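Student: Going down the list, the protein sequences come from chains A and B. Residue numbers for the first sequence follow the working numbering, so the first one is 31 and each next one is one higher. Residue numbers for the second sequence follow the working numbering, so the first one is 597 and each next one is one higher. Built from N, CA and C at the ideal position, the CB exists for glycine as well. All values derive from a computational prediction rather than experimental measurement.
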Amino acid sequence: MSLLEVTDLKVSFNTSDGVVQAVRGMTFSIDRGKTLGIVGESGSGKSVSTQTLMGLTPGAKVSGQALFEGQDLLTMNPDQLRRIRGPQISMIFQDPLSSLHPLYKVGWQIVEMIRAHEPNVSKADARKRAVELLGMVGIPQPDRRVDDYPHQFSGGMRQRAMIAMALALNPKLIIADEPTTALDATVQAQILDLMLRLQREFDTALIMITHDLGVIADLADDVLVMYAGKPVEHTDRRSLYYGSHHPYSAGLLRSIPSGAGGRGGRLIPIAGQPPSLISPPPGCSFHPRCPYAMDTCRVNEPPLREVAAGHGSACWLPKEARGLGPEAEQLRENAVAEGRTEVGA
Amino acid sequence: MSDVSGDVLVKVEDAYKHFPIKQGIIFKHEVARVHAVDGVNLEVRRGETLGIVGESGCGKSTLARCITGLHPLTKGRILFEGKEIGSSPDKAFRRDVQMIFQDPYGSLNPRRRVGAIIGDPFDIHGIADGAERKRRVQELMELVGLNPEHYNRFPAEFSGGQRQRIGVARALALKPKLIVCDEPVSALDVSIQAQVINLLKDLQDELGLTYIFIAHDLSVVEYVSDRVAVMYLGKITENAESEELYAKPRHPYTNALLSAASVADPDEAAKRERIILTGDVPSPIKPPSACRFHPRCPKAQPICSTEEPELIVREGDDADHLTACHFPVQLGEHLARARAGIAQESTEPTLGVSE
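(1) Alpha carbon to alpha carbon, how far is residue 690(B) from residue 608(B)? Give it in angstroms, no decimals.
(2) Counting C-beta neighbours from all protein chains within 10 Å, is the total for residue 45(A) 16 or more, i.e. buried, or is it exposed?
(3) Identify the contact partners of residue 326(A) in chain B, using a Cβ-Cβ distance below 8 Å as the criterion.
(4) Taking residue 793(B) as the query, report the chain A residues whose CB atoms sit under 7 Å from its CB, ordered along the chain.
(5) Grab me the residues of residue 715(B)'s own chain with a C-beta within less than 6 Å of its C-beta, minus the 5 sequence neighbours each way, in chain order.
(6) Using the beta-carbon of each residue, which ones in chain A are nearer than 7 Å to residue 1040(B)?
(7) Starting from the N-terminal side, write out each stretch of the alpha helix (DSSP H) that is 4 residues or longer and does not extend beyond the region 836–876 of chain B.
(8) How far does the beta strand (DSSP E) with residue 45(A) in it reach, from first residue to last?
(9) Beta-carbon of residue 744(B) versus every beta-carbon of chain A: anything under 8 Å?
(10) So, helix, strand or coil for residue 203(A), using DSSP?
(11) Cβ closer than 9 Å: which chain B residues qualify as neighbours of residue 247(A)?
(12) With a threshold of 8 Å between beta carbons, is residue 292(A) in contact with chain B?
(13) May I ask you to verify whether the region 142–158 of chain A touches the region 89–99 of chain A, counting CB pairs closer than 8 Å and requiring at least 3?
(14) Short of 6 Å in beta carbon distance, which residues of its chain neighbour residue 720(B), apart from the five on each side in sequence? Order them along the chain.
(15) Let me make sure I understand the geometry here. Which of 201(A), 203(A), 175(A) has the alpha-carbon closest to that of residue 190(A)?
(16) Along chain B, which residues have their Cβ under 7 Å away from the Cβ of residue 184(A)?
(17) What is the DSSP secondary structure of residue 669(B), counted as helix, strand or coil?
(18) In three-state terms, what does DSSP make of residue 169(A)?
(19) Output, in sequence order along the chain, the residues in the region 61–84 of chain A whose CB is closer than 8 Å to any CB in chain B.
(20) So with CB distances below 8 Å, who are the chain B contacts of residue 201(A)?
(21) Would residue 109(A) count as contacting chain B if we go by Cβ distances under 8 Å?
(22) So that I know if they touch, is there some Cβ in chain A lying closer than 8 Å to that of residue 852(B)?
(23) Taking 8 Å as the limit between beta carbons, can you name the residues of its chain near residue 752(B), skipping five residues before and five after?
(24) What are the boundary residues of the beta strand (DSSP E) that residue 240(A) is part of?
(25) Where does residue 317(A) fall in DSSP's three states?
(26) Relative to chain B, which residues along the region 267–283 of chain A have a C-beta separation below 7 Å, given in chain order?
(27) Quick one: is residue 699(B) near chain A, going by C-beta distance under 8 Å?
(28) Considering Cα atoms alone, identify which of 61(A), 63(A), 62(A), 79(A) is closest to residue 69(A).
(29) Specify the secondary structure class of residue 64(A) as computed by DSSP and reduced to three states.
(30) Could you work out which residue in 678(B), 863(B), 651(B), 795(B) is closest to residue 889(B) when comparing CA atoms only?
(31) If we count the other Cβ atoms within 10 Å of its Cβ and call it buried at 16 or more, is residue 616(B) buried or exposed?
(32) Leaving out the 5 sequence neighbours to the left and right, which residues in its chain are closer than 7 Å to residue 37(A) when beta-carbon positions are compared?
(33) What is the DSSP secondary structure of residue 31(A), counted as helix, strand or coil?
(34) Taking just the CA atoms, how far does residue 134(A) sit from residue 161(A)?
(35) So is the beta-carbon of residue 285(A) under 7 Å away from any non-hydrogen atom of the ligand FMN?
(36) What does a CB cutoff of less than 6 Å around residue 341(A) pick up in its chain, not counting 5 residues either side in sequence?
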């Protein structure tokens with residue numbers, strides 16, 4: 031049994047402009063000790079989905095199922111959820127400054143968390159553990175820094191402190207929501223290195239939400255590519271890079287300088303803008319931007335089907351048309367020629 | 597590096613920009629200063645793109661603002677086409693040098709229509725008004741890939757990428773010679789980023805623009821720049837042709853930055869040697885002595901904290917490749933395994949994992 035199994039998760043919000051369908055059916059699972067990367071652009075639903083699992087989206091309409099060790103997170107009452115959040119599943123957020131309380135000392139915030147879940151631990155013991163944790167995540171002189179306020183920490187140190195907090199109760203799953211986006215390149219390298227080492231040490235499962243394909247290449251076992259509230263491709267990191275099937279994933283790779291398009295050549299951007307989630311386009315939500323859109327794409331929504339072993343893609347193109355090579359390109363073009371009846375559509 | 601060279605558009609000579617930190621209620625006195633730009637020499641040649649990379653707080657944006665005349669320098673001088681930019685640049689200079697900002701949300705007035713925003717430069721410089729102004733604005737909108745019919749819309753009706761195009765159109769209005777792009781794509785999504793980068797490149801080819809392109813994303817800078825300057829804590833640590841810099845980085849900091857850059861290819865990512873620096877960027881209020889990188893440098897020796905290395909051509913390099921380091925990195929050296937010869941504050945995790 032997987033550690034976490036999410037089935038057909040849907041999340042929507044009522045706003046004055048209409049119902050925003052932030053997540054429109056998401057299915058995935060993650061095993062103990064593994065890393066799942068979720069990539070997508072802003073508004074693709076990657077953060078909302080995981081926040082919903084943790085009960086952090088009040089006012090949202092939620093359907094589906096999310097089994098964590100056999101218990102459904104979505105039907106739990108707030109009290110039960112509280113007992114999961116922290117000791118079982120913990121989170122690391124993007125902005126370490128706004129996720130630490132500015133008026134309390136960093137150590138105090140870690141102590142509070144430990145004691146909230148383990149009331150028998152004495153203050154002195156909890157503090158000792160806080161110092162240990164800070165040292166573990168590489169904060170110099172942890173016995174002194176434990177009494178600092180968050181503003182006395184640099185951005186990288188704050189993120190280290192957040193990681194220390196996330197690890198404090200030895201959770202089985204850590205959800206990291208763009209943990210390195212706000213950090214500089216050299217500090218990002220430190221933090222990713224640290225997370226990898228800690229994950230190996232504690233055998234924790236990790237869900238890494240990011241928009242950076244470089245982060246995925248570094249540490250994800252499995253990757254879920256999200257577009258307009260839905261996963262469009264689900265595979266491992268190597269087949270995503272070398273054999274992506276969905277035109278959106280391929281488009282992402284071609285539009286970054288360090289990806290398939292870069293080094294001297296011209297970047298190939300994805301045309302157009304992401305769709306509105308209030309009235310997503312009919313059929314495949316990517317069809318207005320897709321260079322291979324066929325007639326069927328405008329009407330029928332492609333399911334996430336298996337195109338190779340362990341490789342799912344939500345696209346009507348032939349299963350063999352994977353990767354960016356000339357062969358796959360030919361297959362795509364043939365399919366498009368057959369699939370388009372209107373001239374110039 | 598000759599003074600008479602005709603193709604140098606901007607020359608920065610020993611530029612300093614310090615921001616005072618003041619305290620006191622009535623009689624404010626200076627208690628400290630932020631050394632944002634601390635002795636920078638730089639040249640931008642006509643028609644090229646000079647990339648400036650560095651982490652937050654390294655002074656790259658301040659330097660850019662000094663070049664556009666938004667901040668007067670504390671010391672030193674900046675020459676534009678051989679003429680010094682004083683503390684109040686004239687209108688001709690303002691016309692020739694334009695800027696594109698990072699945040700496409702904060703840099704456009706939400707209460708003004710797009711046509712008015714892009715048309716402002718025409719008003720200010722008294723170049724066109726009425727129907728002529730509208731025609732020119734719509735031309736610009738078309739040039740940057742916006743629908744000219746959206747002339748009367750408000751910024752809120754545009755997406756992030758489109759807003760950045762508005763910023764580009766505004767910068768182009770007066771046919772400038774130099775455009776300073778301060779992180780123009782870092783607020784945009786990946787797929788939109790590529791659209792804006794391609795647009796900037798096309799415009800450069802078409803209009804013969806010179807760019808100063810500031811970014812923290814090394815792969816973007818490599819992609820757009822002819823030459824690259826690396827900044828660390830107010831100083832330039834390395835300056836070279838883009839290809840040369842990425843192929844043969846000499847400064848340990850450049851090496852660390854490059855090894856930390858994001859690589860989308862999983863096999864490449866696994867192969868490369870990551871240099872994990874110790875600690876964070878120190879405060880620019882009290883920058884470290886001599887070589888500012890010494891508290892984090894894997895090659896640091898005692899001399900690095902006492903004697904400042906000059907930004908000069910090092911042995912075996914092209915005449916254009918300047919490095920400020922006592923111990924430049926040799927090709928094939930394994931920096932990730934190097935250990936500094938001086939004491940540094942460690943940020944090594946205290947794990948049970950044996951190295």
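Tutor: On the basis of the coordinates in this document:
(1) Counting from 1 along the second sequence, the entry for residue 608(B) is found at position 12. Counting from 1 along the second sequence, the entry for residue 690(B) is found at position 94. Approximately 17 Å, taken between the alpha carbons.
(2) The residue given as residue 45(A) occupies position 15 in the first sequence. Exposed.
(3) As a first step, residue 326(A) is located in the first sequence; it is residue number 296 there, counting from the start. By Cβ distance, chain B contributes nothing, its closest Cβ being about 24 Å from residue 326(A), past 8 Å.
(4) Within the second sequence, numbered from 1, the residue matching residue 793(B) stands at position 197. Within 7 Å Cβ-Cβ: 297.
(5) As a working mapping, residue 715(B) is identified with position 119 in the second sequence. Excluding sequence neighbours, residue 715(B) sits near 729, 733.
(6) Nothing about residue 1040(B) can be reported from this structure: the residues present for chain B run from 597 to 951 only.
(7) 838–843, 848–856, 862–867
(8) For the purposes of this step, residue 45(A) is taken as the residue at position 15 of the first sequence. Its beta strand (DSSP E) spans residues 34–45.
(9) As a first step, residue 744(B) must be located in the second sequence, where it is residue number 148. By this cut-off, residue 744(B) is not an interface position.
(10) Position 173 of the first sequence, counted from the first residue, corresponds to residue 203(A). The answer is strand: DSSP assigns residue 203(A) an E or B state.
(11) For this step, residue 247(A) is matched to residue 217 along the first sequence. Result: 858, 859, 860, 861, 862, 863, 864, 865, 866.
(12) Here residue 292(A) corresponds to residue number 262 of the first sequence, with the count starting at 1. Because the pLDDT of residue 292(A) is 45, which lies under 50, any placement of that residue in the model is unreliable, and the question is left without a value.
(13) no
(14) For this step, residue 720(B) is matched to residue 124 along the second sequence. The answer is none, since no qualifying residue turns up.
(15) The residue given as residue 190(A) occupies position 160 in the first sequence. Considering only alpha carbons, the answer is 175(A).
(16) In the first sequence, residue 184(A) corresponds to position 154, counting from 1. The contacting residues are 876.
(17) As a first step, residue 669(B) is located in the second sequence; it is residue number 73 there, counting from the start. Residue 669(B) falls in the coil class under three-state DSSP.
(18) Numbered from 1 along the first sequence, position 139 holds the residue referred to as residue 169(A). Here residue 169(A) sits in coil by DSSP.
(19) 71, 72
(20) Sequence index remark: in the first sequence, residue 201(A) carries index 171 (1-based). Neighbours of residue 201(A) on chain B: none; closest Cβ ~17 Å, over 8 Å.
(21) Along the first sequence, one-based indexing puts residue 109(A) at 79. Cβ-Cβ to chain B under 8 Å: no for residue 109(A).
(22) Looking up residue 852(B) in the second sequence gives position 256. Yes, contact with chain A.
(23) Here residue 752(B) corresponds to residue number 156 of the second sequence, with the count starting at 1. So the list reads 706, once near-sequence residues are dropped.
(24) Taking the first residue of the first sequence as 1, we reach residue 240(A) at position 210. Element bounds for residue 240(A): 235–240.
(25) For the purposes of this step, residue 317(A) is identified with residue 287 of the first sequence, where counting begins at 1. Helix, per DSSP.
(26) 267, 268, 271, 281, 282, 283
(27) Here residue 699(B) refers to the residue found at position 103 of the second sequence. Chain A contact via Cβ: absent.
(28) Along the first sequence, one-based indexing puts residue 69(A) at 39. Measuring from the Cα of residue 69(A), the nearest candidate turns out to be 79(A).
(29) Residue 64(A) sits at position 34 when you count from the first residue of the first sequence. Of the three classes helix, strand and coil, the one that applies to residue 64(A) here is coil, per DSSP.
(30) Translated into the one-based positions of the second sequence, residue 889(B) becomes position 293. Residue 889(B) has its Cα closest to that of 651(B), out of 678(B), 863(B), 651(B), 795(B).
(31) Counting from 1 along the second sequence, the entry for residue 616(B) is found at position 20. Exposed is the call here.
(32) Stepping through the first sequence from its first residue, residue 37(A) is reached at position 7. Once the five neighbours on either side are set aside, the close Cβ partners of residue 37(A) are 57, 94, 95.
(33) Taking the first residue of the first sequence as 1, we reach residue 31(A) at position 1. It is coil, neither helix nor strand.
(34) Walking along the first sequence from the start, residue 161(A) turns up at place 131. Walking along the first sequence from the start, residue 134(A) turns up at place 104. Rounded to the nearest angstrom, the two C-alpha atoms are 16 Å apart.
(35) The ligand FMN is not among the ligands present in this structure, which contains no ligands whatsoever.
(36) Position 311 of the first sequence, counted from the start, is the residue given in the question as residue 341(A). Excluding residues within five positions, the ones whose Cβ falls inside 6 Å are 265, 269.
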